[in-house]
Structures are given as structure tokens and as C-alpha cells.
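S.K.: For the sequence shown, this note's numbering assigns the number 1070 to the initial residue and increments by one for each residue that follows.
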Amino acid sequence: MNSVSLVGTVHDELGRANVSELRAILERIRPEVIFLEVPLAAFDDYYVICSRGNLESIAVRRYRDSHQVKLGPVDRPTPAGEFFENAEHLRKRIWEESPEYRQLIAWDSACISAHGFAYLNSEGCSNLWSDIYKEMLSAIRRIDDSRLVEIFELWKETIDLRENEMMKNIEKYCEANTFDKGAFLVGAAHRQPIIDKSRVQSSVDSNSMQWDFSVR
1070 MNSVSLVGTV
1080 HDELGRANVS
1090 ELRAILERIR
1100 PEVIFLEVPL
1110 AAFDDYYVIC
1120 SRGNLESIAV
1130 RRYRDSHQVK
1140 LGPVDRPTPA
1150 GEFFENAEHL
1160 RKRIWEESPE
1170 YRQLIAWDSA
1180 CISAHGFAYL
1190 NSEGCSNLWS
1200 DIYKEMLSAI
1210 RRIDDSRLVE
1220 IFELWKETID
1230 LRENEMMKNI
1240 EKYCEANTFD
1250 KGAFLVGAAH
1260 RQPIIDKSRV
1270 QSSVDSNSMQ
1280 WDFSVR
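If you want it as C-alpha cells, here you go:
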């Protein structure tokens, strides 16, 4: 059965969350296919032309220098610029309103720097992001701005749709192809929702793949 290791990551290097550490994880997994949190339209920029780069793309390119591996962009198309402008406005308003939110974000960054991928793929990281989302919602309610509520709901809906689409595209690939090991590199904030969704789907979907959540 096709086994896909879920690897929670970040897009920018910070302390022990760096290119060398992610490449070491890939060396341990030895994936024959790597699924990427990148839309098809941006794939060439990161992995062919290499005009853009982030932690994941650099680590994958270095891994590919010495290994035969297929790459699969699985994300939805990038939203319009207005979506990101609204999301940044939301973040700034919450940042100004909530000392607890600022503290949680600072603690997340400190843990990433100190512990790297061991933290990003831990229950502690999942719990912290749950707390971050709860405080975001609490801050929005305190601000009492209907526009912020709309932006937050659209932001959460977009994240949910992206996670569903990425999982669906991985499952489609697994139905059409056979391999021993694969890896899915995705932002750590998506890790726990994907784990939860996979457990719901496992009772109804085909046996074309098996998730591996043991990466640390």
C-alpha cells in the first residue's frame, strides 16, 4: 500500500527548522514522491525555473540532486490579492487587540527555533495552534466588527477547502500510481486538521493509501 508521511513544516528557516534538518527527514523517509503545498501554477517557479524559493523547495531540490523522486503540487489555485490584504488586516487588528495572541505567536516562534521539526510535528504544536485559533476568535468578538467576522470566516473556509483539496489530490495520485513511500510537506498549522480529516475519511475511502503521522 502507498504510504504517505505527513511532515509539518514552515516556509522560512528559523533556528533548528532549517533546510538541512528537513533534508535529513527526507533522507530518513526516502520518498519516491513528494507532495507539495504549492498550486500547479506556481510549481515551475519553485521547482523548475527556481525563480522563487522557500525552506521546503530548497530542501526538496537538494534531496532531488541525489535521489530519483517525483514531485506533486497539490494545493488549490492561489486566491486573489484581496484575500491576502484582508487576512493581513485581520491579523493586525487581532495583534493590536490581544496580548495573549502576541504571546502565543511568540511562543510558537521560540519553540520552532529551539526544537525545529520535532516541535512542528508534535502534539504540543497542534495544541498551541488550537489555542491561537481560539484566541483569534475571542479577540474578534471583543473588537465587535462585523467585517472582521466575515474576513475570519472566509479565511477559515479557504483553509478548510485547501486542506480538503490537497488531501483529495494526494488520494487521486495514490489511486492511479503505486509506490512504497511518499511524503507530504505542509505548513504545521494544517497538520492536526489533516490528521483529523484522515481519520474520518479512513472509514469510507478506498485502501489506496496509508497515512504515516510518526515523523518527528
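Glycine included, every Cβ here is placed at the ideal spot set by N, Cα and C.
1) Quick one: residues in its chain with C-beta nearer than 7 angstroms to the C-beta of Val1143, no 5 flanking neighbours on either side, listed in chain order?
2) Output the distance between the C-alpha atoms of Asp1215 and Leu1159, rounded to the nearest integer angstrom.
3) Please name the residue or residues paired with Gln1279 in a DSSP beta bridge.
4) For Ile1103, which three-state DSSP category applies?
5) Would you tell me roughly how many angstroms separate the C-alpha atoms of His1259 and Gly1077, rounded to the nearest one?
6) Decide yes or no for the touch test of the stretch 1150-1166 against the stretch 1206-1222: beta carbon pairs closer than 8 angstroms, at least 3 of them.
7) With a cut-off of 8 angstroms on the beta carbons, I'd call Ala1252 and Pro1108 a contact; round off their distance for me.
8) Sort out for me which residues DSSP pairs Gly1141 with in a bridge.
9) Would you call Phe1186 buried or exposed, if buried means 16 or more other Cβ atoms sit within 10 Å of its Cβ?
M.R.: For this structure:
1) To locate residue 1143, count along the sequence shown from 1; it is residue 74. Excluding positions up to five away in sequence, the list reads Phe1104, Leu1105, Met1235, Asn1238 and Ile1239.
2) Taking the sequence shown and counting its residues from 1, one reaches residue 1215 at position 146. Taking the sequence shown and counting its residues from 1, one reaches residue 1159 at position 90. Going by the sequence as given, residue 1215 is Ser instead of Asp. Between Ser1215 and Leu1159, the C-alpha separation is close to 12 angstroms.
3) Here residue 1279 refers to the residue found at position 210 of the sequence shown. Gln1279 is bridged to Ser1072.
4) As a working mapping, residue 1103 is identified with position 34 in the sequence shown. Strand, per DSSP.
5) Residue mapping note: residue 1259 aligns to position 190 of the sequence shown, counting from 1. Residue mapping note: residue 1077 aligns to position 8 of the sequence shown, counting from 1. Approximately 8 angstroms, taken between the alpha carbons.
6) yes
7) Indexing the sequence shown from 1 puts residue 1252 at position 183. Indexing the sequence shown from 1 puts residue 1108 at position 39. Rounded, the Cβ-Cβ distance is 18 angstroms, inconsistent with contact.
8) By one-based count along the sequence shown, residue 1141 stands at place 72. Answer is Phe1104, bridged to Gly1141.
9) The residue given as residue 1186 occupies position 117 in the sequence shown. Flag for Phe1186 reads buried.
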